[in-house]
Amino acid sequence: MFRRSKNNSYDTSQTKQRFSIKKFKFGAASVLIGLSFLGGVTQGNLNIFEESIVAASTIPGSAATLNTSITKNIQNGNAYIDLYDVKNGLIDPQNLIVLNPSSYSANYYIKQGGKYYSNPSEITTTGSATITFNILDETGNPHKKADGQIDIVSVNLTIYDSTALRNRIDEVINNANDPKWSDGSRDEVLTGLEKIKKDIDNNPKTQIDIDNKINEVNEIEKLLVVSLPDKIKYSPEAKHRTVEQHAELDAKDSIANTDELPSNSTYNWKNGHKPDTSTPGEKNAVVVVTYPDKSTDEVPVKVTVVDPRTDAEKNDPAGGETTVPQGTPISDEEITGLVKIPEGSNGVPKVVGDRPNTDVPGDYKVTVEVTYPDGTKDTVAVTVHVTPKPVPDKDKYDPTGKSQQVNGKGNKLPATGESATPFFNVAALTIISSVGLLSVSKKKED
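Residues 1 to 446 (the UniProt record's numbering) are what the sequence shown spells out, left to right.
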């Protein structure tokens, strides 16, 4: 028999022991109790009456109450036992009741149809039954209630077996984990199975409930659908990028929605043809996305390579030069037109320095600023040569006259009424000769 120890656990060392059943009759009432329940008292005028089936957790006058804390086994004053739990040592019928005082103990038997069982492991048939507890005091004798009756508690018992249902759940779980099924349908099936398993682990059932649950599992399994290839399920999008010249490129960076694709997808340049970033310009390429199921998508992408330098750093304009005569005006357009600006740079020249004063001959440096589309600037110098005005011949020369002697005759003086003297003639010749010599000497020097 089962005995409760002082620490409220049960001594099950004798659970394999069968006890005999004896039918006692007292007047119109009778009760079935094990002989061991009577201790050493087997004869006498005992005030024993057949106990009625209780349907409440508290039995008036009894030292036992139903253990409502185990909701799977006690509900609404009725008891439930899952043979799956019995086979796996998960239930001890002794735990269906709580004794007060705790030093009391109890024996039980289960009646199903016309059969009696002292151990639920002997039961093979599901359905309705009755479990009867005989309450024993500290001495091991039957406990008497205040009204003098033997303390016997009988409870309706429903026996069911969830083994087949649990096996079916395991089969469907194994099937659902096959990679061929879509992730969405797999998750839906596993969630449904977990809900059923939680229900049968925590709530009482009948065998009809169990059979219905098996049908429910079969229907849930039908939700599994074959997975489509990843290349059908996903749509990678191109991300056109702008990078600096000589930048290193990662194919993954050219896909815009990697967060929407499987995390273990891989990204590579088709045939290893990575865009060339050594020169500026727009480069075309193809990114190959490989999914976990090995299916692939090819995504055409563009990469624009730009020179990181400013326009001013990239271009080198040069100043020119021009020559104008003194007094000839020169416009800004003429000056800026002398600047050599690199083709394609779209630089715009503008005179920012002092304009040349063409009224004064000389060389003038004029500063010209070149502004590019990015706002950067270069400065260059344009040289303007101003040449003097040409001088007319009449302004260049100063001719002088000279006296000449005609026919060797003495010159006549102005009509003063006097004739030249010989002395005067000699002096005149001397002066003329001197002038002539000086002229010859001057010409030699020239």
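Just so it is clear, CB atoms sit at the ideal spot from N, CA and C, and this is done for glycine as well.
Contact check, residue i vs residue j, beta carbons under 8 Å
i, j, result
"Val-225", "Ser-295", "no"
"Asp-297", "Lys-231", "yes"
"Val-370", "Val-382", "no"
"Ile-341", "Val-289", "no"
"Ser-278", "His-240", "no"
"Val-243", "Val-303", "yes"
"residue 462", "Pro-93", "Here the chain has residues from 1 to 446 only, and residue 462 is not among them."
"Arg-186", "Ala-176", "yes"
"Leu-190", "Ile-173", "yes"
"Val-98", "Ala-146", "no"
"Leu-136", "Tyr-104", "yes"
One or two residues paired with residue i in a DSSP bridge
i, result
"His-385", "Thr-323 and Asp-363"
"Gly-281", "Val-305"
"Ser-254", "Ser-254 pairs with nothing; no bridge assigned."
"Val-153", "Phe-133"
"Glu-369", "Lys-350 and Thr-379"
"Val-287", "Trp-269 and Val-299"
"Leu-99", "Ala-64"
"Val-226", "Trp-181"
"Thr-206", "Bridge partners of Thr-206: none, in fact."
"residue 447", "The requested residue 447 is not part of the displayed model; the chain covers only 1 to 446."
"Ile-159", "Ile-81 and Gly-127"
"Lys-394", "Bridge partners of Lys-394: none, in fact."
Residue i classed as buried or exposed, judged by whether at least 16 other C-beta atoms fall within 10 angstroms
i, result
"Val-360", "exposed"
"Asn-134", "buried"
"Val-391", "exposed"
"Gly-192", "buried"
"Ile-33", "Summary for Ile-33: the model assigns pLDDT 34, below 50, so the residue's position carries little reliability; its value from the coordinates is reported in the next sentence. Ile-33 is buried by the Cβ-count criterion."
"Leu-228", "exposed"
"His-273", "exposed"
"Ser-30", "In this prediction, Ser-30 scores a pLDDT of 32, lower than 50, which makes its location untrustworthy; the coordinate-derived value is nonetheless stated afterwards. Exposed, since its Cβ has fewer than 16 Cβ neighbours within 10 Å."
"Tyr-84", "buried"
"Gly-337", "exposed"
"Ile-335", "buried"
"Glu-445", "Low local confidence applies: a pLDDT of 44 at Glu-445 is under 50, so the model's placement there is unreliable, and no value is given."
"Thr-124", "exposed"
"Ser-235", "exposed"
"Asn-257", "exposed"
"Ile-21", "Bear in mind that a pLDDT of 37 at Ile-21, under 50, signals an unreliable position, so the model cannot answer this."
"Pro-142", "buried"
Beta strand (DSSP E) segment containing residue i, residue limits
i, result
"Gly-127", "127-136"
"Lys-197", "Here Lys-197 belongs to no beta strand (DSSP E); instead the alpha helix (DSSP H) covers 183-202."
"Val-351", "348-351"
"Arg-241", "241-244"
"Lys-115", "115-117"
"residue 487", "One cannot answer for residue 487 here, as it falls past the ends of the chain, which runs 1 to 446."
"Ile-341", "Unbroken run through Ile-341: none, as it is neither H nor E."
"Lys-111", "105-112"
"Asn-67", "Unbroken run through Asn-67: none, as it is neither H nor E."
Candidates the options: closest to residue i by CA position
i, options, result
"Ile-214", "Gly-184, Asp-161 and Ala-176", "Asp-161"
"Thr-358", "Val-348, Lys-377 and His-385", "His-385"
"Ile-131", "His-143, Gln-149 and Val-153", "Val-153"
"Gly-61", "Gln-149, Tyr-104, Gln-94 and Ser-121", "Gln-149"
"Arg-166", "Pro-120, Leu-136 and Asn-88", "Asn-88"
"Glu-138", "Thr-68, Asn-212 and Asn-100", "Asn-100"
"Lys-111", "Leu-96, Ser-121 and Ser-128", "Ser-128"
Element boundaries [alpha helix (DSSP H), containing residue i]
i, result
"Ala-176", "163-176"
"Ala-312", "311-314"
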